[in-house]
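Please read the structure below before turning to the comments.
Written out as structure tokens, the structure is:
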């Protein structure tokens, strides 16, 4: 039987005793405070299956829009207890977006983060977190954004599980300019095997769609000290590509949840983005 073992002593999914976990309202207040600090406005994108929480700049005349997608958030309270609300305690995806000086950017939470009104079955932050229904919902959001702002392309940036999301979105679209992952879960099956945890039976796996990604410029940021998404996850993903020309990566002095703000700032200054 698969057990939730070492992963839950390492991961950001739990934060010690459950009574110390901030309430969903407190977690949302954290995100809104970060948004206010950077003059972001709240937006809710309604799709067929979910409402998706967003914070974004005052977008005007943007040909390319950067879309940041959050990690898995508080998926588990303990190693055998699923969280009732996956809103992140530390919204690192949002913090990374705030490091980016672009005026054309949108932060998208994951289904049921910050919102609980529509289709919030806990399978959507556990076994089905990367399901086709979830990916289709983000595809709908991007269609809505494009209709509203008349942009021609997107750069997709995903942190942790958001890395799987952005990669899977890119397989469905022809308007993706660049794909960037930070500590991205690019092979959920291998991730499950490494940590000896229950499989994500309802989820898609990016490695099964690499043929649709070969023509997209990709930048993958890996944490040297990341014990949640170790570098083997990325290399197993990369190995599935016949043509690896568009895949670039760099290993940074970071763990899964620490060191990324400094590292991402360094990445944003890197001239590789201009090539």
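Numbering (the numbering used here), first residue to last: 11 to 285. From the three backbone atoms N, C-alpha and C, an ideal C-beta is built for every residue, glycine too. No experiment lies behind these values; they were computed from the predicted model shown.
Practice prompt. Measure the C-alpha to C-alpha separation of residue 244 and residue 215 and round it to an integer number of angstroms.
Written response: 13 Å
Worksheet item: For the alpha helix (DSSP H) that residue 201 lies in, which residues bound it at each end?
Response: 198–205
Practice prompt. Count the CB pairs spanning the segment 175–193 and the segment 143–157 that are closer than 8 Å, and state whether there are at least three.
Written response: yes
Practice prompt. Please determine if the segment 160–168 and the segment 176–190 are in contact, where contact requires at least 3 C-beta pairs separated by less than 8 Å.
Written response: yes
Discussion item. Tell me the residue span of the beta strand (DSSP E) that contains residue 52.
Written reply: 51–56
Discussion item. Tell me the DSSP secondary structure of residue 177 in three-state form.
Written reply: helix
Worksheet item: Does the Cβ of residue 235 lie closer than 8 Å to at least one heavy atom of the ligand PLP?
Response: The ligand content of the structure shown is nil, which means the ligand PLP is not present either.
Practice prompt. Select from 193, 111 and 36 the residue whose C-alpha is nearest the C-alpha of residue 80.
Written response: 193
Item to complete: Would you kindly report the start and end of the unbroken alpha helix (DSSP H) that includes residue 105?
Response: 102–109
Worksheet entry | Three-state secondary structure (DSSP) of residue 166 | strand
Worksheet item: Can you tell me whether DSSP reads residue 265 as helix, strand or coil?
Response: coil
Practice prompt. Please report how far the alpha carbon of residue 98 lies from the alpha carbon of residue 36, in whole angstroms.
Written response: 10 Å
Worksheet item: Do residue 64 and residue 54 come within 9 Å of each other at the CB atom, strictly closer than that value?
Response: yes
Worksheet item: Ordered along the chain, which non-local residues of its own chain (more than five positions away) have a Cβ less than 7 Å from that of residue 181?
Response: 219, 222 and 223
Worksheet item: Any idea what DSSP makes of residue 70, helix, strand or coil?
Response: coil
Discussion item. Within 8 Å, do at least three Cβ pairs link the segment 130–141 to the segment 97–116?
Written reply: no
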